[in-house]
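Q:
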Amino acid sequence: MLSTRNLLYWIAAFAAVFDSAYSLLDTNSSSTVAVYWGQNSGNTGQQRLSYYCDNPNIDVFQLSFVKRISGAAGLPEINFANQESHCTVHPGTNLLNCPEIGEDIKLCQQKGKTVLISIGGATSTEHGFTSEAAAIEAANKMWQIFGPVDAANTAYRPFGDAVIDGFDFDFETSVTNMCVFPDVADQKMLNGAVAFDAIWVQFYNNYCGVNAFSFGSMQQGAFNFDLWDAWAKSQSKNKQVKVFIGLPGNAAAAGTGYVAAEQLREVVSWSKAFSSFGGIMVWDASSMYANEGYLESAKTTLTG
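Counted the way mature numbering (1 follows the signal peptide of the UniProt record, and there is no 0) counts, the sequence shown spans residues -23 to -1, 1 to 281.
#1: For S8, collect the residues of the same chain with a Cβ closer than 8 Å to its Cβ; drop the 5 residues on either side in sequence, then sort them by chain order.
#2: Mind checking which residues open and close the alpha helix (DSSP H) that includes S274?
#3: Out of A116, R134, V140, N20, point me to the one whose CA is closest to P125's CA.
#4: Which residues in the same chain have their Cβ closer than 7 Å to the Cβ of A49, if we skip the five residues on either side of it in sequence?
#5: Could you tell me which of W208, F146, P68, G226 sits nearest to N182, measuring between CA atoms?
#6: Since G223 and V178 are thought to touch, with beta carbons under 8 Å apart, how far apart are those beta carbons, to the nearest angstrom?
#7: Considering only residues of the same chain and omitting the five flanking positions on each side of T21, which have a CB-CB separation below 6 Å?
#8: Whole beta strand (DSSP E) runs in the segment 215 to 255 with 3 or more residues, listed along the chain?
#9: How is the alpha helix (DSSP H) around Y29 delimited, first residue to last?
#10: Determine the contact status of I94 and D147, defining contact as a CB-CB distance below 8 Å.
#11: Between the beta-carbon of L73 and the beta-carbon of C64, is there less than 8 Å?
#12: On a CA-only basis, which of D31, P33, A199, A58 is nearest F42? Give me that one, please.
#13: Buried or exposed: which applies to Q39, given that a residue is buried once 16 or more other Cβ atoms fall within 10 Å of its Cβ?
#14: Whose C-alpha, out of F180, G169, I176, is nearest the C-alpha of C156?
#15: Is the distance from the Cβ of W260 to the Cβ of Y28 below 8 Å?
#16: Is it right to say L167 is buried, meaning 16 or more other beta carbons lie within 10 angstroms of its own, or is it exposed?
#17: When we look at the beta-carbon of S219 and count the other beta-carbons within 10 Å, is it buried (16 or more) or exposed?
#18: What residue range does the alpha helix (DSSP H) around Y266 cover?
#19: Pull up the distance between the alpha-carbon of T102 and that of S47, whole angstroms please.
#20: Provide the residue(s) that pair with S7 in DSSP beta bridges, ordered along the chain.
#21: Under three-state DSSP, which class holds Q179?
#22: Could you work out which residue in S191, D3, G89 is closest to R242 when comparing CA atoms only?
#23: Give the single residue among G270, S253, F251, G232 whose Cα lies nearest to the Cα of S18.
#24: Go ahead and label K90 buried or exposed: buried means 16 or more other beta carbons lie within 10 angstroms of its beta carbon, across all protein chains shown.
#25: Rounded to the nearest angstrom, what separates A229 and A238 at their Cα positions?
#26: Below 8 Å on the Cβ atoms is my guess for A199 versus Y184; work out the distance and round it to an integer in Å.
#27: Taking the alpha helix (DSSP H) that S18 belongs to, which residues open and close that run?
#28: May I ask which residues mark the beginning and end of the beta strand (DSSP E) holding F42?
#29: Tell me the residue span of the beta strand (DSSP E) that contains G143.
#30: Per DSSP, what kind of secondary structure is T101 in: helix, strand or coil?
#31: Tell me whether the beta-carbon of D81 lies closer than 8 Å to the beta-carbon of R134.
#32: Could you give the distance in angstroms between the alpha-carbon of A11 and the alpha-carbon of D36?
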């Protein structure tokens, strides 16, 4: 079994291969809304991706999740909850073939949305690689399967000729990170090994979440966006990295950390004082859409 130190080294090697990946993410913005789609966490009849892409208040979608990087036949295994009914399975593998999602990815991109594929998730049981070479091989395979189409590449692809804009790492040993700082689980990746464009910090289900925000005060205690801003400027390989406040889409989407839209205004106002602030991340589309008016109010708060 790999030690935690070696595990993180190989994960960092895997992530580093994607340093040159192109993304449409506007890293000059402090009003971006990123939303996870795919897991139907609200159990409210999650709609197809294009349904949510019609909303002008969402800028980024993280398709969740790639549950395993190296599954049956050495290929990834992905899960999209109720949307899998529109998919088949590539022969001899557990890799889904989802032409409808591929069509929607292209439609979303035509509307100016950034579409990422998220690797990991809370229920993922895959926690690393046996060597640096294995990590790099896996990264190259992911690039062939989700990246630009190459006529010489015969690998199965889940989304046809649709090309995702980048990769999101949700390793919950995420990057979705817990707000606890330093994030021991991902410290090797975060502290200089990989140049991330953005990190989506999970400010819920943790003592340092938005539920710990001291409303009416300029001094914060447990809520620690300031520490993440300091990390962005001093330890991150990319000193222009954007840090996002991760939030649950409604009160039922997390154990703790949900704040109503009117309270979010003060959280955002305080956090915007830090130059690394990029906006908010929401878990997930189905939960947020069940919370009528939340998205519109949050976007107005960010742009106001």
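Even glycine gets a Cβ: it sits at the ideal position worked out from N, Cα and C.
Just so it is clear, the structure is predicted and the values come from calculations on it, not from any experiment.
A: Let's see:
#1: G256, K276, L279, T280
#2: In the DSSP assignment, S274 falls within the alpha helix (DSSP H) that extends over 271 to 280.
#3: V140
#4: T70, N71
#5: G226
#6: 5 Å
#7: S263, A267
#8: Restricting attention to beta strand (DSSP E) runs no shorter than 3 residues, the segment 215 to 255 encloses them at 219 to 225, ordered along the chain.
#9: 26 to 30
#10: no
#11: yes
#12: For F42, the closest alpha carbon among the candidates D31, P33, A199, A58 is that of A58.
#13: Classification for Q39: buried.
#14: F180
#15: no
#16: buried
#17: Per the sequence presented here, residue 219 reads as Lys, with Ser not at that position. With 16 or more Cβ atoms within 10 Å of its Cβ, K219 is classed as buried.
#18: Following the DSSP letters along the chain, one finds Y266 inside the alpha helix (DSSP H) bounded by residues 262 to 266.
#19: Whole-angstrom Cα-Cα distance: 11 Å.
#20: Its beta-bridge partners do not exist; DSSP assigns none.
#21: strand
#22: S191
#23: G232
#24: Burial is judged here by how many other beta carbons sit within 10 angstroms of a residue's own beta carbon; K90 has at least 16 and is buried.
#25: Straight-line Cα distance between these residues: approximately 15 Å.
#26: 6 Å
#27: From DSSP, S18 is part of no alpha helix (DSSP H); its letter is neither H nor E.
#28: 37 to 45
#29: For G143, the enclosing beta strand (DSSP E) stretches over residues 143 to 147.
#30: According to the sequence displayed, residue 101 carries Ser and not Thr. The DSSP-derived three-state label of S101 is coil.
#31: With respect to the 8 Å criterion, D81 and R134 are not classified as neighbours on the basis of their beta carbons.
#32: Pairing A11 with D36, the inter-Cα distance amounts to about 6 Å.
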